[in-house]
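Residue numbers (this note's numbering), protein chains in the order written: chain P, 1 to 486; chain W, 1 to 486.
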């Protein structure tokens, strides 16, 4: 460690009000630039790993630099190399365009700097978070009392739900905490990888995961689920949780949720629905049927930062029983002792989740729900689904394009060169299409592989996307495909 | 679900450039208000649970409201009921005053809205995060290559470290993944509750935790640790991880880290150091000795949002071996397949942690390190330690005050009425002091209980705090104590 420098009076990192206002004004211009770039800039500028590192790398700063230099670095070296997930032709993942009001709310949250651990420390932030969770609960028809938590995203929401389910299973079966080698978990291969990661972290061995068969549309087969659970019970296993998907992130697949719920109820196994992406579609006409399953589930994941247009770092886990959350997460200590007796005041979010100091995520979620209302969100979601249907139509109408399934606002298809039947050659052409498209930066999509077939995957979760953008994408696929074909 | 409304053309949540700039200007005023409130407002305004709820509660909004109404709600209903952790006389927890430049950086991160999952999706944000982690590694003398991750805070950092340690222990012992019933974990009762929570979540039973004795200064006794590990090995247990504290959040206690490291090395057990609060003190003269232990540890938690003055939601876990992180967190799936071959470009943060979509935490951490440099941070940290020593002096000098131990920038003491020896009566008076102080809002502190004695706990992690603020607190304690005494 270097020697201490001579000290010259007290140090403060405060800015004068004038400095703060001037830097604030520059920040607003940069925020406006960042939002404008979502339309005007390439979706992702081509840069190599070495180039990016050479632009940013430098030794640990020994002395500070003036604020102007900091903002200048954001402008010149960071902003240009950000992917624009809000670009009208970003079709890559279920990463949405964020509501600009949500972005401003998130900036406000940073200035308020609340560690949202418990009511006693952060009354307003805790109440806003609890209100936002109650609203989300009502929005999707979970029908709970708002028991749940805002977390960083779907992976964390799924982890929290499974932690609750597993602690609950131990409790119900009278097993001592931490004896997980008799528990079993049920999901299909289409389930999000974060569920498998959660299982592993919770100390459940891979061979305790039961992979339930899917049908030709990649949906879990309820009869296969029922049979496997019965068989496991018969053999002395303790089924802990069934994980169903309300819209997989890969293909948008929605499991037969009501039938899966029936199986879970009959066998008395915890049902977790991963609706991280798809749950908000329940407010649209075509997917209202999902509410019946949500209302019966024991836990549900849904990400406000996916199809509710909040900025990144806004997931939500809803849980039916508060006791289940506390069983998984509450630990008594001097440091976390709650002496308040009034129910609102004694509420501690850290007793319901992994985190202690938690970001004030509630403000942006509250803001998006308040600013747009159910009606606005429904319109935006329906618009995305309509665009996916428009894409389906374009694919169906063109001889070179082969649809491989679509659901919610995700469509998978591939380009098939004339008369080509060799999968290897088809894959090569489609790989070329993705690489060219993404490199040119006017569109962005991600590939996937379905039943061994490499294909193009289009996610539409964007209030900026229009028919002309979808048409542009299809035309580009056809143009590049034709070039690759020759 | 309500019926769909008639649609009238495409919906967008975009603001016009003029709207965005006008709302942005209002946001800056609100951010400035929030920062100014850290000096001018009560630390925490008294409000009851019922009052707070009645101010904020309302039904799920069916239609949206104009942006002006949103910002007005932030101003009138949220801002006044936030605790000011940056207030010069906030002594409650290790919640620091945040660097205003860090707040602006965090606002910028919200506008850039990068889901920092992997380099291929977010080149600049991934590189900034990796650079910030390398800088933190160098700052504290971990001596690694920057293997690690920014996470939400200390609880998450500790969870990540223990997940790595546990997966590593399984691997080393040749146990199949998920057979954790032979693993043992070592910590003292002074260790942060999040470590115990992590153990529970990882599926390790409470009776597999070995509570190692502490000395009169609450420091882990290395000989007791060594004896217990040897004994466990002898009995066929697999010691997985030793958790040592570099500054507990309760009392600032620093375990004898070098001696603990020796034990861990001799027994070949993973050493995790929880330096969430205290690790940055290694850059000051008095605590430079900790670097030797950090350089030998297998993992280290440190929170930039604690004593490095970043806004909330900035923890960091450093891990010696990248393979250990991947062993705990990497799962292969179609969705997470990385096809890039160049090492920088193929780096996936989601293979090293729980989260997939991750907030762009790197920007604020980079900004604080770049804007202040090691020199500025050292001055701020030393200043806090000096203020704690000043407080020690005031306590030692006054007959009514009894010091109960202090370390780093935390001091514990209590007011003892003249001639009083009954603990119950002393507790009553000190309880009254805390309640009165916090209710009056000019100071804020939190109590704790040490060896059964209720006492006042003062944390100084604030670049705004001065001697006069510490003196104000002591004078208030004496004033209220004298009143309570009578």
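For each residue, glycine too, the CB sits at the ideal point set by N, CA and C.
Predicted model, so just to flag it, every value in this text is computed and none were measured.
Could you give the residue range of the alpha helix (DSSP H) that holds residue i?
i              : result
residue 356(W) : No alpha helix (DSSP H) holds residue 356(W); DSSP gives it neither H nor E.
residue 449(W) : It is not in any alpha helix (DSSP H) - residue 449(W) instead sits in the beta strand (DSSP E) that spans 446-450.
residue 318(P) : Note, residue 318(P): premise wrong, no alpha helix (DSSP H); beta strand (DSSP E) at 315-319.
residue 260(P) : 257-267
residue 435(W) : 423-440
residue 75(P)  : Premise fails: residue 75(P) is in no alpha helix (DSSP H) and is neither H nor E.
residue 467(P) : 467-485
residue 290(P) : 290-294
residue 443(P) : From DSSP, residue 443(P) is part of no alpha helix (DSSP H); its letter is neither H nor E.
residue 197(W) : 193-201
residue 488(W) : This structure cannot speak to residue 488(W), because chain W is shown only from 1 to 486.
residue 164(P) : 154-172
residue 487(P) : It is not possible to answer for residue 487(P), since the shown part of chain P is limited to 1 through 486.
residue 329(W) : 322-329
residue 106(P) : 100-112
Which residues share a DSSP beta bridge with residue i?
i              : result
residue 272(P) : 243(P) and 299(P)
residue 413(P) : 403(P) and 456(P)
residue 238(P) : 183(P)
residue 220(W) : 214(W)
Rounded C-beta distance between residue i and residue j? I'm assuming under 8 Å.
i              : j              : result
residue 273(P) : residue 297(P) : 5 Å
residue 276(P) : residue 160(P) : Actually they are not in contact, since the Cβ atoms of residue 276(P) and residue 160(P) sit about 12 Å apart, beyond 8 Å.
residue 107(P) : residue 98(P)  : So it is not a contact: roughly 12 Å between Cβ atoms.
residue 364(W) : residue 111(W) : Rounded, the Cβ-Cβ distance is 13 Å, inconsistent with contact.
residue 299(W) : residue 319(W) : 5 Å
residue 485(P) : residue 417(P) : 4 Å
residue 534(P) : residue 380(P) : Since the first residue shown for chain P is 1 and the last is 486, residue 534(P) is missing from the structure and cannot be characterised.
residue 226(W) : residue 270(W) : Contact doesn't hold; Cβ gap of about 15 Å is too wide.
residue 224(P) : residue 20(W)  : With a Cβ gap of about 52 Å, residue 224(P) and residue 20(W) do not count as contacting.
residue 84(W)  : residue 28(W)  : Between residue 28(W) and residue 84(W) the Cβ distance is about 19 Å, and since that is not below 8 Å, they are no contact.
What are the start and end residues of the beta strand (DSSP E) that includes residue i?
i              : result
residue 211(W) : 209-211
residue 148(W) : 148-151
Which of the three DSSP states, helix, strand or coil, is assigned to residue i?
i              : result
residue 90(W)  : strand
residue 46(W)  : coil
residue 227(W) : helix
residue 186(W) : strand
residue 391(P) : helix
residue 214(P) : strand
residue 3(P)   : Residue placement at residue 3(P) is poorly supported in this model, since its pLDDT is 43, which falls under 50; the coordinates still yield a value, given next. In this structure, residue 3(P) counts as coil in the three-state DSSP scheme.
residue 348(P) : strand
residue 118(P) : strand
residue 254(P) : strand
residue 67(P)  : helix
residue 127(P) : helix
residue 54(P)  : helix
residue 369(W) : helix
residue 62(W)  : coil
residue 312(W) : coil
residue 340(P) : coil
residue 132(P) : helix
Are the C-beta atoms of residue i and some chain B residue less than 7 Å apart?
i              : result
residue 369(W) : This model lacks chain B altogether; the protein chains it does include are P and W.
Point to revise | Contact list for the stretch 226-239 of chain W against chain P, Cβ threshold 9 Å | key: none
**Study point:** Where the stretch 9-27 of chain P meets chain W: residues whose CB sits under 7 Å from a CB there
**Key:** 10, 11, 12, 13, 14, 15, 17, 20, 21, 23, 24, 25 and 27
Exercise for review: With 8 Å as the limit, tell me which residues of the stretch 374-390 of chain P have their beta carbon closer than that to any beta carbon of chain W; keep them in chain order.
Suggested key: 374, 375, 376, 378, 379, 380, 382 and 383
Exercise for review: Anything in the stretch 141-157 of chain W with a Cβ closer than 8 Å to a Cβ of chain P? List those residues in chain order, please.
Suggested key: 141, 152, 153, 154, 155 and 156
Exercise for review: Residues of the stretch 404-427 of chain W with a CB closer than 8 Å to any CB of chain P: list them in chain order, please.
Suggested key: none
Check your understanding: Using a Cβ cut-off of 7 Å, which residues of the stretch 90-115 of chain P contact any Cβ in chain W, in chain order?
Key -> 95, 98, 99, 100, 101, 103, 104, 106, 107, 108, 110, 111, 112, 113, 114 and 115
**Study point:** Interfacial residues, the stretch 438-465 of chain P to chain W, with Cβ spacing under 7 Å
**Key:** 448, 449, 463 and 464
Point to revise | Near-chain W residues of the stretch 54-78 of chain P (beta-carbon distance less than 9 Å), N- to C-terminal order | key: 55, 56, 57, 58, 59, 60, 61, 62, 63, 64, 65, 66, 67, 69, 70, 71, 73, 74, 77 and 78
Exercise for review: Residues of the stretch 269-289 of chain W with a CB closer than 8 Å to any CB of chain P: list them in chain order, please.
Suggested key: 282, 283, 284, 285 and 288
Review point. Got a sec: which bits of the stretch 311-326 of chain W sit with their beta carbon under 7 Å from any beta carbon on chain P, in order along the chain?
Key: 311, 312 and 313
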